[in-house]
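Reading through the structure tokens given below for one structure.
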Amino acid sequence: RTDPIAPLAMQSVAEWGLSPLSAVDPEIHGLIEKEKARQFRGIELIASENFTSKAVIECLGSCLTNKYSEGLPGARYYGGNENIDVIESICRERALAAFHLDAAKWGVNVQPYSGSPANFAAYTALLNPHDRIMGLDLPSGGHLTHGYYTAGGKKVRREERMPR
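If you count the sequence shown from 1, position 39 lands on 39 in UniProt numbering, and the numbers rise without skipping.
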């Protein structure tokens, strides 16, 4: 199998940097198209695998992914985040408005990138030590952060099983 990217290494970015994926790497493009077709053929019942809107795909595939934005708006570790600060502030305002929350009483972090840190942020914001929540275990459709034992065990949660 030949590497379709190898010839590109000899070209300048100006020659291929604005080319579509289908031209730069037809193999990966073809696999993405096959995955898209697979997703459209069935109904996905996993909540985190729902269909992403075109507008969200546009944002995720935008120049925003080129920027490292560690920290909070107005207090980043790197410069050049003026536009990202505004976008993140708008997202925070919209999240508060969506749940009819008062910004003076509630904070919101729109930065978590996966279920585990997002759930942990919610747990630590709403729960005190030894508080209990109810959640499904992984085989029943829950998330790892709902109390499923892994090879490393658990340090944060206590699990109580309900009788069947």
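Ideal placement from N, C-alpha and C gives every residue a C-beta, glycine not left out.
Contact check for V110 and E82: beta-carbon distance about 17 Å, past the 8 Å limit, so the pair fails to qualify. Membership of V86 in the alpha helix (DSSP H) is indicated by the continuous run 82-98. Just so you know, the alpha carbons of L60 and D137 end up roughly 30 Å apart. In the three-state reduction of the DSSP assignment, R76 falls in the strand class. DSSP places G107 in the coil class of the three-state scheme, outside both helix and strand.
Nearest in C-alpha terms to I84, of all of A98, H130, S69, is S69.
Contact check between the segment 12-20 and the segment 38-57: fewer than three CB pairs, one atom from each, fall below 8 Å, which does not count as touching. Annotated as distal: V56 and P73, with beta-carbon spacing of 9 Å or more. In the structure shown, G71 falls within a strand segment according to DSSP collapsed to helix, strand and coil. Across the structure, K36 and T65 are spaced so that their CA atoms are roughly 22 Å apart.
Within 10 angstroms of the beta-carbon of T145 lie 16 or more other beta-carbons, which makes it buried.
Looking from the CA of G107, the closest CA among L31, A97, S116 belongs to A97. For H29, the enclosing alpha helix (DSSP H) has its first and last residue at 26-41.
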